[in-house]
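So the sequence shown is numbered by our numbering: it starts at 5 and just counts up by one.
The structure appears right after this line, and notes come after that.
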Amino acid sequence: MAGQGKGGKGVGGKGKVGTKRTAQKRHARASIEGITKPAIRRLARRGGVKRISSFIYDDSRHVLKGFLEGIVRDAVTYTEHARRKTVTAMDVVYALKRQGRTIYGFGG
C-alpha cells in the first residue's frame with residue numbers, strides 16, 4: 005500500500021474520519037486554585053514587584069487562565085490541521101508567535 009500516507013484508506017480500511025476535540029470540564033475551580041499564592045508571588049518578584057495587594061491573586065489567576073486557554077486553543081488547532089493527536093512543542097511555538105509572543109530555543 006505505497007503512497008497511502010497518514011490516515012489513507014487501505015484495502016478495505018475505514019480510514020480516518022477526523023480528530024474530535026473533546027472539552028474536558030473537570031473541576032475548573034480546583035485546577036485554577038492549583039496556581040498558589042506563593043507561585044504568583046514568585047512570578048511578581050521576577051517581574052520586579054516589591055509589595056502585592058491581597059486582591060491581586062484571584063485576578064491574576066483568571067488572567068493567566070485566559071492567556072493559557074488562547075495558547076492551548078491555537079496549539080490544538082495546529083495539531084488538528086496536521087492530523088496528529090499529539091501537541092508538539094512547535095505547535096505551541098507557532099501558537100505563541102501567532103499571538104505576537106515569539107519564543108526562541110524550541111526548534112524551527
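For every residue, glycine included, the Cβ atom is placed at its ideal position computed from N, Cα and C.
Predicted model, so just to flag it, every value in this text is computed and none were measured.
Check: Nearest-angstrom Cβ-Cβ length linking Ala99 and Ala86, presumed shorter than 8 Å; Outcome: In fact, because the Cβ distance is near 13 Å, the residues do not count as touching under 8 Å.
Check: Own chain, CB closer than 8 Å to Glu73, minus 5 neighbours either side, in chain order; Outcome: none
Check: Completely contained beta strand (DSSP E) runs for the region 62–86, where each covers 3 or more residues; Outcome: none
Check: Closest residue to Ala93 among Phe110, Arg55, Arg50 and Lys101 (Cα-Cα distance); Outcome: Phe110
Check: Close-in-space but distant-in-sequence residues of the same chain around Ile36 (CB under 7 Å, 5 per side omitted); Outcome: Arg65 and Lys69
Check: Expected contact under 8 Å - CB spacing of Ile107 and Val91 to nearest Å; Outcome: Incorrect: roughly 15 Å between the Cβ atoms, too far for contact.
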